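This report refers to the structure that appears directly beneath it.
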Amino acid sequence: MKLATWNVNSLKVRLPHVLDWLQSAAPDVLCLQETKMEDAVFPAAALQEAGYQVAFSGQKTYNGVAILSRQPMTDVITALPGLQDEQKRLLAATIDGVRVVCVYIPNGQSLDSEKYPYKLSWLAALTDFLRAEMAQYPRLALLGDYNIAPADSDVHDPAAWVGQVLVSEPERAAFTGLLALGLKDAFRLFEQEDKAFSWWDYRMNAFRRNMGLRIDHILLSETLAAGCTVCAIDKAPRKLERPSDHTPVWAEIKD
DNA sequence: ATGGCGCGCGCAGCGCGA
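The numbers in the first sequence follow our numbering, run straight up by one, and end at 669.
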């Protein structure tokens, strides 16, 4: 099973890139974030024609998540239990016995923003949710835009990022808290090149200069991690015209 | 690494992302 995640920064703009990538990369499951569209205008037909079933939870302008899957999805959940939140940031579905959880974790904006405690509360609620889900589903994958660079090796210039959102100690502690549930960072199960990132700012030629962050992740329960044969970042879509600022991350799990 | 880009909204220029 090939699982992937991609923050597309508007599915309306990026639909051609998504369709191309489904064709070339042929994932079994693709989790999308920042679809930025209401459910009424979700391009379900085009994706179904490409061979994928769709689940989605969106809103106007901001946020929005979707799961595209070759196989049927059951037990779909579109909100975090126990969190008062009108923002569409979570979608979970069971696919071939795998519990797939797609997340767009809040950015936090800055350490002194009111969005920062919202981010930490959201992470706490996610952790509680996953603890319960993992008890029910030993085969669980958490994919998405975490808006957390877990270690300095995930940051192009760690010194420049000290004290910034995405790298702060409480955020990294929340990420470690997810690992403490028994989840494994699929990317770090394998030897990887240095300076491997999943996001680059649109400004300052950041992609060309590889000034990026690794903030899009695939965490796997131990059962899935044991069967994971590869995890990689596909930089190709970031080189296209009008790219998303994020690029896909994918992992393959043998049966 | 903070103005600098790209998106949505809506028709000017701002909020937001990371």
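The beta carbon of each residue, even a glycine, is placed where N, CA and C say it ideally should be. None of these values were measured; they are calculated from a predicted model.
Exercise. On the three-pair Cβ rule with 8 Å, is the stretch 530 to 547 touching the stretch 466 to 482?
Worked result: no
Problem set entry | Terminal residues of the beta strand (DSSP E) in which V443 lies | Residue numbering aside, residue 443 sits at position 29 when the first sequence is read from its first letter. It spans V443 to Q447 - the beta strand (DSSP E) in which V443 sits, taken as one unbroken run.
For this session: Quick one: residues in its chain with C-beta nearer than 7 Å to the C-beta of R586, no 5 flanking neighbours on either side, listed in chain order?
Result: Locating residue 586 in the first sequence gives position 172, counting from the first residue. Within the same chain, R586 has close Cβ partners I562 and P564.
For this session: In the DSSP assignment, find the beta strand (DSSP E) that holds L666 and state where it starts and stops.
Result: For the purposes of this step, residue 666 is taken as residue 252 along the first sequence, with counting starting at 1. It is worth fixing the name first, because residue 666 is Glu in this sequence and not Leu. V663 to I667 is the extent of the beta strand (DSSP E) around E666.
Problem set entry | Environment of E448 [buried if 16+ CB atoms lie within 10 Å] | The sequence position of residue 448 within the first sequence is 34, counting from 1. Looking at its Cβ environment, which holds 16 or more other Cβ atoms inside 10 Å, E448 is buried.
Problem set entry | Validate contact between the stretch 514 to 523 and the stretch 589 to 598 using beta carbons, cut 8 Å, 3 pairs | no
For this session: Classify R602 as helix, strand or coil using the three-state DSSP reduction.
Result: Position 188 of the first sequence, counted from the first residue, corresponds to residue 602. If DSSP states are grouped into helix, strand and coil, R602 belongs with the helices.
Exercise. What separation, rounded to the nearest whole angstrom, lies between the Cα atoms of M625 and E655?
Worked result: For the purposes of this step, residue 625 is identified with residue 211 of the first sequence, where counting begins at 1. For the purposes of this step, residue 655 is identified with residue 241 of the first sequence, where counting begins at 1. Taking the straight line joining both Cα atoms gives about 19 Å.
Exercise. Where are the beta strand (DSSP E) runs, 3 residues long or more, that stay fully inside the stretch 533 to 563, in chain order?
Worked result: Taking only runs of at least 3 residues, the beta strand (DSSP E) segments lying wholly in the stretch 533 to 563 are 554 to 559.
Problem set entry | Selection from G472, L554, L446 and L544 that minimises the alpha carbon distance to C642 | As a position in the first sequence, residue 642 is number 228, starting the count at 1. Nearest to C642 by C-alpha distance, out of G472, L554, L446 and L544, is L554.
For this session: Kindly indicate the opening and closing residues of the alpha helix (DSSP H) around D489.
Result: Along the first sequence, one-based indexing puts residue 489 at 75. Where D489 is concerned, there is no enclosing alpha helix (DSSP H), although the beta strand (DSSP E) it sits in stretches over T488 to I491.
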